[in-house]
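Residue numbers (the numbering used here), protein chains in the order written: chain A, 41 to 379; chain B, 17 to 650. The beta carbon of each residue, even a glycine, is placed where N, CA and C say it ideally should be. Note that the structure is predicted; figures quoted are calculated from it, not measured. These notes are about the structure you will find just below.
Here it is in structure tokens:
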């Protein structure tokens, strides 16, 4: 089939869309800015709720898209709208004329240093959820000292549901990610006290609630309802966290060896950049705007441009994969309509 | 001197005489009311200041320079200044010269004194040749021309306010318009009326010439009386509406200046000094362009000029809305030509709000805090005498607690300078009280002030260091801390650099300094942070800076302004800052810093963070031995 299909983004959304299209007999093109496929999932260690290894997900998807045209280390220089198609100029000098674009540009992790009061980048013993996954993967991080891990805190909703951080949306996955990471840390350091500071817990997905109850019952993780007000550092480099326990109505203060910030999902700047090139609208939450947020979440207002995954808002891995499959089907039907 | 009429009276003087008597009575009653409304101590102080030669001279000088010459407006815009001083000073001189003329040439005035100085030309039958020299006639025509030129400019200003350096101006009320049109018509009518009589009772280059040129019309004496009636009516209308229009500022300002010079402050939200301020507002609208909320058109009616108008109308719901919305940046106060304090006026309105409940801080236990920062007391004299230096108590404050990079950098600089210091709120402090004060909750603010005073006095420190201008301002204004010097970190760092206690390496980064409202307009500190910055790199200036700096939009002052609304203000302030394309934005306020950082396209830092990165750690400096006087390096 001669119709070009351009998938922008080689994360799990882009890969799954490509894999489905390959199965349908098309030969899609994946454009990925980094040097590897897999996006954020490739940086993760294990996935909730069954602790399945993230590497397996990426590996299986990668093997399924091996037949696609994949451009790594490639960015989009510009997009020209032709009469009924797009001319996409890539940073490697190749230009593609296509009638079909799948935006699988995903999200960016909120820059935790913007919430300066939590001390990321200011105090030594503060890290993000991503840094922790990196440590799970590699075992290398100067902040984690195996012999002195007595108390660890997790701060939920860092840059999510936070007007002052310019993100009012819920990032959906951080509640359960914090529970998962808390359990994993407890498994590594059974003697450590682990606290989660949350404003409320949104355990909406399959088996999430069980996971959360298990974290309390089986692992003794302490959940404290109340936002962290400020973080400071004492003389030996440990962090002091002040929060209010809104259930008991009392202020709490904890001295911790490590503080993990659950950075939320925000629309990536690259995603917005490509959307601007293709003249796609941005929704009020900062993510790409769908034709309809109920019926047509994977369709853009532009003919032939489709969305898959977290470029339209925070999503879990299974949600992203489901959307990617739906997008592939939409592309297939669109091509059929053209013939 | 020959008079044209034996009686020396004509009915046309009645509108003017009635109007003038009305205004005088109204103003006298108002004056007595305002003075009676002052607290007894203030009233006494006011009367004493009136008879103290120093303040009396200052009063006269200020009234002359501000009410007649409008020096502040001259500084802002020459055309605007000329327009106001030509009308005010010109009119004043017409009245003055008119009186001199009448007193020189008329004896046995009696009740005629009420209107003779105004309508003299109608009643005399002498000319400039018979009245010993034409100087007075010339002066009268000259000042009439001056006023007319001012009126012409005022008419142009209505249409093209930009020529006068004003983007937006006030929307006049109905009565303001009547006052405005009657004021505009007074002087052309006077010219017309005096031109009619110029061939009978003399005139000068203006009236006489007109009389010659339009001799057909102006020499027809049947037209004379209607012109004088019209002139008198215009004056009468102006005087009758004056108390209910913005022109009330003319008499009120003459009272406001001595009140201010006596050092009187707003106590009651609506009475006394506050009332004098409200009535002194000339509705010029300079505060409209100054207001940072003005970037959103919907907020224009929430500026100080409209607050004053609503207070005069006693429109309580609008007064509340306007008072609560304001960011209290104080820029309207800084630009106001008559000195209406928009921010303090609003705090006063907030303070009379009735709350059903309020927090009570009077029973907070501060013993832990006192024990937490008593290093100077414990170590007593041996330590103090060995260093011979100041004992600094550093109060970071809650805003700095949210921006830990600032407090970390500040402590690092203090270490490098070898300062003996103690952190007052390392384990959580008590609010300085400024947010409560801004919200008009004066009792709560006073309770917090009392608690902090206890901790500071118990610490044994002799210097209180602050990195937050919000704290700094209330410590300066409302705290009584005998023997303790209160410094903002920008002042302290400036001293450390100039005394050679810090080794600074100058880089080539271009910084722009944002003047925080509370530090600049609030406390008058403009130079020290710039000195610190210029030690670290190159300093460029924002388009509007210092006194005219634009609020970041993050201010604690506003009680109702939403986050979405503030965004436009922050972006506007950022555009102003980046006019000279600096590499980095520097400020000296944790709240400004975090507000700008949210939307800025380039790094935003506090001067402490900048200074810390360019300051070397001394190689080996023994803690106690340091020369107190003299520099250690060149």
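DSSP beta-bridge partners for residue i?
{"i": "residue 501 of chain B", "result": "B:479"}
{"i": "residue 602 of chain B", "result": "B:529 and B:621"}
{"i": "residue 93 of chain A", "result": "A:86"}
{"i": "residue 506 of chain B", "result": "BP columns for residue 506 of chain B are empty, so no partner."}
{"i": "residue 233 of chain A", "result": "A:191"}
{"i": "residue 116 of chain A", "result": "A:130"}
{"i": "residue 265 of chain A", "result": "A:238"}
{"i": "residue 46 of chain A", "result": "A:69 and A:141"}
Report the residue from the options whose alpha carbon sits nearest the alpha carbon of residue i.
{"i": "residue 555 of chain B", "options": "B:26, B:571, B:524 and B:611", "result": "B:524"}
{"i": "residue 344 of chain B", "options": "B:187, B:280, B:324 and B:534", "result": "B:534"}
{"i": "residue 267 of chain B", "options": "B:296, B:239 and B:289", "result": "B:296"}
{"i": "residue 134 of chain B", "options": "B:117, B:200, B:179 and B:235", "result": "B:117"}
{"i": "residue 71 of chain A", "options": "A:377, A:341 and A:311", "result": "A:311"}
{"i": "residue 202 of chain A", "options": "A:136, A:303, A:68 and A:314", "result": "A:303"}
{"i": "residue 449 of chain B", "options": "B:471, B:443, B:491 and B:483", "result": "B:491"}
{"i": "residue 324 of chain A", "options": "A:362, A:352, A:358 and A:144", "result": "A:352"}
{"i": "residue 216 of chain B", "options": "B:136, B:278 and B:253", "result": "B:136"}
{"i": "residue 183 of chain B", "options": "B:300, B:501 and B:370", "result": "B:300"}
{"i": "residue 263 of chain B", "options": "B:43, B:572 and B:584", "result": "B:43"}
{"i": "residue 203 of chain B", "options": "B:480, B:102, B:260 and B:179", "result": "B:102"}
{"i": "residue 283 of chain A", "options": "A:126, A:156, A:193 and A:322", "result": "A:193"}
{"i": "residue 651 of chain B", "options": "A:111, A:151 and A:162", "result": "Because chain B is modelled from 17 through 650, residue 651 of chain B falls outside the range shown and cannot be assessed."}
{"i": "residue 631 of chain B", "options": "B:328, B:516 and B:119", "result": "B:516"}
{"i": "residue 285 of chain B", "options": "B:506, B:114, B:54 and B:126", "result": "B:54"}
{"i": "residue 100 of chain A", "options": "A:206, A:250 and A:361", "result": "A:361"}
{"i": "residue 206 of chain A", "options": "A:125, A:120 and A:155", "result": "A:155"}
{"i": "residue 317 of chain A", "options": "A:129, A:44 and A:105", "result": "A:129"}
{"i": "residue 116 of chain A", "options": "A:122, A:134 and A:109", "result": "A:134"}
{"i": "residue 577 of chain B", "options": "B:218, B:318 and B:229", "result": "B:318"}
{"i": "residue 494 of chain B", "options": "B:453, B:178 and B:37", "result": "B:453"}
{"i": "residue 173 of chain B", "options": "B:100, B:104, B:124 and B:599", "result": "B:100"}
{"i": "residue 473 of chain B", "options": "B:272, B:392 and B:112", "result": "B:392"}
{"i": "residue 59 of chain A", "options": "A:84, A:95, A:188 and A:109", "result": "A:109"}
{"i": "residue 406 of chain B", "options": "B:420, B:480, B:362 and B:456", "result": "B:480"}
{"i": "residue 504 of chain B", "options": "B:384, B:604, B:471 and B:130", "result": "B:604"}
{"i": "residue 356 of chain A", "options": "A:179, A:244 and A:259", "result": "A:244"}
Can you name the start and end residues of the alpha helix (DSSP H) that residue i belongs to?
{"i": "residue 228 of chain B", "result": "223-229"}
{"i": "residue 327 of chain B", "result": "320-329"}
{"i": "residue 651 of chain B", "result": "Because chain B in this structure spans residues 17 to 650, residue 651 of chain B falls outside the shown range and cannot be described."}
{"i": "residue 247 of chain B", "result": "240-257"}
{"i": "residue 380 of chain B", "result": "That residue, residue 380 of chain B, is in no alpha helix (DSSP H); it is neither H nor E in DSSP."}
Considering just the uninterrupted stretch of the beta strand (DSSP E) at residue i, what are its terminal residues?
{"i": "residue 115 of chain B", "result": "No beta strand (DSSP E) holds residue 115 of chain B; the alpha helix (DSSP H) holding it covers 94-121."}
{"i": "residue 193 of chain A", "result": "191-198"}
{"i": "residue 282 of chain A", "result": "279-285"}
{"i": "residue 127 of chain A", "result": "126-130"}
{"i": "residue 111 of chain A", "result": "109-111"}
{"i": "residue 71 of chain A", "result": "69-71"}
{"i": "residue 407 of chain B", "result": "407-411"}
{"i": "residue 438 of chain B", "result": "436-439"}
Any heavy atom of the ligand COA inside 7 Å of the beta-carbon of residue i?
{"i": "residue 522 of chain B", "result": "Absence of the ligand COA is noted for the structure shown, with no ligands found whatsoever."}
Review point. Mind listing which residues of the segment 440-460 of chain B have their C-beta closer than 8 Å to chain A's C-betas, in chain order?
Key: Within the segment 440-460 of chain B, those residues whose Cβ lies closer than 8 Å to any Cβ of chain A are, in chain order, 442 and 444.
**Study point:** Residues within the segment 139-159 of chain A neighbouring chain B, beta-carbon criterion of under 8 Å
**Key:** 154, 156, 157 and 159
Check your understanding: Which residues, in chain order, does the segment 596-612 of chain B contribute to contact with chain A at a C-beta distance below 7 Å?
Key -> 610
Point to revise | Entirely enclosed alpha helix (DSSP H) segments - the segment 146-209 of chain B, minimum 4 residues | key: 151-175
**Study point:** chain A contacts from the segment 408-422 of chain B (Cβ-Cβ distance under 7 Å)
**Key:** 417, 418, 419, 420 and 421
Check your understanding: Quick one, which residues of the segment 159-173 of chain B are near chain A if we go by CB-CB under 8 Å, in chain order?
Key -> Against chain A - using a Cβ distance shorter than 8 Å - the segment 159-173 of chain B contributes no residues.
Point to revise | alpha helix (DSSP H) runs contained entirely in the segment 270-303 of chain B, provided each spans 4 or more residues | key: 289-296
Check your understanding: Can you list the beta strand (DSSP E) stretches of 3 or more residues lying completely in the segment 295-370 of chain A, in chain order?
Key -> 298-303, 305-307 and 345-347
Exercise for review: Would you list, in sequence order, the uninterrupted beta strand (DSSP E) runs of no fewer than 3 residues that lie entirely inside the segment 545-585 of chain B?
Suggested key: 554-556
Practice item. Note down, one range per segment and in chain order, each alpha helix (DSSP H) of at least 4 residues found wholly within the segment 144-223 of chain A. Key: 169-178
Exercise for review: Note down, in chain order, all residues in the segment 345-361 of chain A with a beta-carbon under 9 Å from any beta-carbon belonging to chain B.
Suggested key: none
Check your understanding: Enumerated in chain order, which unbroken segments of the alpha helix (DSSP H) with a length of 4 residues or greater are wholly contained in the segment 42-93 of chain B?
Key -> 56-67, 69-78 and 87-92
Point to revise | Members of the segment 567-595 of chain B near chain A, C-beta cut-off 8 Å | key: Of all residues in the segment 567-595 of chain B, only 579 place a beta-carbon less than 8 Å from a beta-carbon of chain A.
Point to revise | Selection of the segment 159-171 of chain A by Cβ proximity to chain B, strictly under 9 Å | key: 159, 161, 162 and 163
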